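A.B. asks: Residue numbers (the working numbering): 5 to 76. Below is the structure I would like to discuss, written out as C-alpha cells.
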C-alpha cells in the first residue's frame with residue numbers, strides 16, 4: 005500500500021477481502037493497514053475503509069472531524 009503525493013492510494017497483494025480496492029480513494033492524507041483491511045483519513049476529516057470487517061474494523065462511515073495528532 006502506498007499514499008501518493010496527489011492524495012490517491014495504491015495497493016497490491018492479496019485482496020481476497022477487498023483490501024486492495026482503493027482505486028477511487030482521493031484526498032487521502034494518511035493510511036493504516038491491518039491484516040485484511042486498509043483505512044484512509046481524508047483531508048476533510050472523514051474516514052474510508054476497505055477489506056475484511058469481521059470485528060468492525062471497516063465500520064467508519066459515520067466517522068467525521070478526525071485529524072492527525074500534532075507534529076505528524
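Where a beta carbon is used, it is the ideal one built from N, C-alpha and C, also for glycine. Fair warning: this is a prediction, and the values are worked out from it, not measured in the lab.
#1: Compute the Euclidean distance between the alpha carbons of residue 42 and residue 34, then round it to the nearest angstrom.
#2: Can you give me the C-alpha to C-alpha distance between residue 50 and residue 12, rounded to a whole angstrom?
#3: Looking at the strands, I want to know which residues DSSP matches up with residue 46.
#4: Is it right to say residue 55 is buried, meaning 16 or more other beta carbons lie within 10 angstroms of its own, or is it exposed?
#5: Can the beta-carbon of residue 5 be found closer than 9 Å to that of residue 15?
C.D. replies: According to the structure data:
#1: 11 Å
#2: 15 Å
#3: 32
#4: buried
#5: yes
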